[in-house]
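In what follows, a structure is listed as structure tokens, so that the remarks can point back to it.
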DNA sequence: ATTTGGGACAATTTCGAAATTTAGTTGACC
DNA sequence: GGTCAACTAAATTTCGAAATTGTCCCAAAT
């Protein structure tokens with residue numbers, strides 16, 4: 002008896018979700034059933050169910066009788082998303098600083114250490130962020146908010162962060178203007194969090210989030226991508 | 002050729018969602034396929050897809066190989082949900098007051114007027130809120146937040162309000178302590194909103210949301226319902 | 001030259017049964 | 001008398017084809 006605790010639906014959902022968040026499936030791309038069925042080795046019903054769940058998460062868009070597509074990106078949406086993230090992640094981080102215990106502080110330190118010791122750019126393509134760094138970066142920010150006791154607030158913040166992952170593929174690892182230090186920004190956030198300085202921590206988090214969006218908008222790559 | 006713009010999936014989803022939000026399907030209840038298929042006149046695949054979407058909305062819970070259930074309610078969850086609603090709806094209302102135009106003010110007045118002219122309790126059962134009032138009450142609160150330009154923030158607030166509908170079935174229309182005036186609370190919120198007094202409006206909104214939760218927790222009906 | 005209609009093709013949507021798994025019950029054995 | 005195993009029954013999960021709908025191309029008419 003093979004150990005198959007997870008249903009085929011769950012694995013298809015997890016894999017589809019991973020393919021979208023990692024950028025292997027790019028915004029605007031059509032998600033055809035025939036192709037996905039063969040690729041994942043399951044029937045259309047399983048794929049439909051997984052896609053429906055992703056629609057509700059905002060990662061996939063469905064047009065009735067027309068199919069499913071990876072949610073498209075756009076400049077205005079990025080602005081809205083960034084505003085929402087700044088305000089809500091600040092709120093949740095404030096809760097975390099107020100409610101988090103020593104165990105949480107340890108987790109923050111640990112996840113930050115893992116992030117620092119990850120290569121920023123991919124070995125094979127120095128123009129793209131490494132998958133390892135993206136994974137640890139996501140973990141680090143999620144851990145920052147883990148001190149907040151309210152699971153509803155944590156869930157909402159995580160949902161917004163997932164949506165933002167759609168844009169990460171287009172982020173440039175190097176700031177060509179030369180005046181950015183991502184690692185330093187993370188370190189400053191950790192410092193303020195451990196000092197329990199809520200105002201300083203939220204301010205630095207907002208600047209960190211805003212900076213990424215500003216550079217992305219200025220690069221003009223979003224407008225180029227949304228034409229698909 | 003019959004005009005059927007909506008797929009069977011969409012109608013099943015909408016109807017299931019309505020049945021849950023209106024309390025016809027109560028928290029903890031099992032959602033068996035055979036029953037739903039006959040009731041809605043569709044096959045299992047359609048039901049599965051609709052249920053999967055509702056799972057992602059937090060209205061339905063799924064246990065692999067075991068079926069789907071209406072999300073259960075609990076005291077702790079109600080506390081978390083209320084805290085999240087207070088903080089996020091305040092945030093969105095502040096945006097609405099800052100960004101909303103005259104057209105939005107008109108919508109607020111209109112939806113409030115419709116709410117005032119709806120019967121509070123059901124004609125056949127004076128112990129329960131009327132469906133008409135619940136519908137208009139939901140519309141009123143949604144309209145309040147409609148002035149916020151950011152669709153992401155509006156969506157999050159609406160999502161939290163939907164989750165709170167699971168608890169509305171257990172709300173008592175009459176405050177047996179006798180010191181509550183729901184209609185008055187709504188009027189005060191409208192007044193503060195039209196005066197563009199952000200601090201006062203958000204304060205009154207928070208008190209309005211908190212009051213409902215307090216009465217529900219004090220009544221002890223939630224602990225009785227979650228035992229199912 | 002543009003538009004309108006028909007028709008073949010491809011894709012999504014829906015169905016109903018087969019395959020798996022879980023829950024409940026009966027029986028045998030310690 | 002209690003525990004465990006196997007069997008039965010009911011439910012979920014999965015599949016693959018049928019039905020429906022949208023898309024595209026081409027021909028005919030304005």
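Protein chains in written order, with the numbering used here: chain Z, 2 to 229; chain D, 2 to 229. Idealized CB from N, CA, C, for every residue including glycine.
A straight-line Cα-Cα distance of about 8 angstroms links residue 161 (chain Z) and residue 85 (chain Z). Of the residues assessed, residue 36 (chain Z) falls on the exposed side of the cut-off, its CB having fewer than 16 other CB atoms within 10 angstroms. Beta-bridge analysis with DSSP links residue 31 (chain D) to D:70. Here DSSP, grouped into helix, strand and coil, assigns residue 64 (chain D) to strand. Counting only residues of its own chain and dropping the five nearest sequence neighbours on each side, residue 120 (chain D) has a CB closer than 7 angstroms to the CB of 131, 133 and 134. Here residue 27 (chain D) has 71 and 170 as same chain residues with Cβ atoms under 7 angstroms from its own Cβ, once five neighbours each way along the sequence are excluded. Straight-line spacing of the CA atoms in residue 223 (chain D) and residue 80 (chain D) works out to 11 angstroms. Assigned with DSSP and collapsed to three states, residue 130 (chain D) falls in strand. Taken atom to atom, the span from the alpha-carbon of residue 155 (chain D) to that of residue 95 (chain D) is near 12 angstroms. Rounded to whole angstroms, the Cβ separation of residue 89 (chain D) and residue 158 (chain D) is 6 angstroms, and the two are in contact under 8 angstroms. In the three-state DSSP reduction, residue 222 (chain D) falls in the helix class (H, G or I). DSSP places residue 122 (chain D) in the strand class (E or B) of the three-state scheme. Rounded to the nearest whole angstrom, the C-alpha separation of residue 197 (chain Z) and residue 98 (chain Z) is 6 angstroms. Below the 9 angstroms Cβ cutoff, chain D contributes 6, 7, 8, 10 and 11 as neighbours of residue 65 (chain Z), in chain order.
Among the CB atoms of chain Z, none fall inside 8 angstroms of the CB of residue 102 (chain D). Interface annotation, residue 204 (chain D): not in contact with chain Z, CB-CB separation never under 8 angstroms. Shown here for residue 209 (chain D): same chain residues with a beta carbon closer than 6 angstroms to its own, the five before and five after excluded, namely 186 in chain order. Shown here, residue 103 (chain Z) sits in a helix according to DSSP, grouped into three states. Around the beta-carbon of residue 164 (chain D), 16 or more other beta-carbon atoms lie within 10 Å, marking it buried. Between residue 28 (chain Z) and chain D, the shortest Cβ-Cβ separation is not below 8 angstroms. For the segment 136-219 of chain Z, not one full-length beta strand (DSSP E) segment reaches 3 residues or more.
In this structure residue 206 (chain Z) is not in contact with residue 183 (chain Z), their Cβ atoms being roughly 13 angstroms apart against a cut-off of 8 angstroms.
Residue 78 (chain Z) is not a Cβ neighbour of residue 112 (chain Z), given a cutoff of 8 angstroms. Contact between the segment 3-22 of chain Z and the segment 51-59 of chain Z is established, with three or more Cβ pairs separated by less than 8 angstroms. For the options Z:43, Z:32 and Z:92, the alpha carbon positioned closest to that of residue 68 (chain Z) is the one of Z:32.
The straight-line gap separating the alpha-carbon atoms of residue 43 (chain D) and residue 65 (chain D) is approximately 22 angstroms. Secondary structure note for residue 49 (chain D): its alpha helix (DSSP H) is the uninterrupted segment 45-58.
The beta-carbon separation of residue 109 (chain D) and residue 194 (chain D), rounded to 6 angstroms, stays under the 8 angstroms limit for a contact. Annotated three-state conformation of residue 24 (chain Z) is coil, per DSSP. A Cβ-Cβ contact shorter than 8 angstroms links residue 167 (chain Z) with residue 74 (chain Z).
Contact annotation: residue 50 (chain Z) and residue 102 (chain Z) have beta-carbon atoms that are not nearer than 8 angstroms.
Against residue 53 (chain Z), the close residues of chain D are 50, 53 and 54, in the order they occur along the chain (beta-carbon pairs closer than 7 angstroms). The Cβ of residue 153 (chain D) sits closer than 8 angstroms to at least one Cβ of chain Z.
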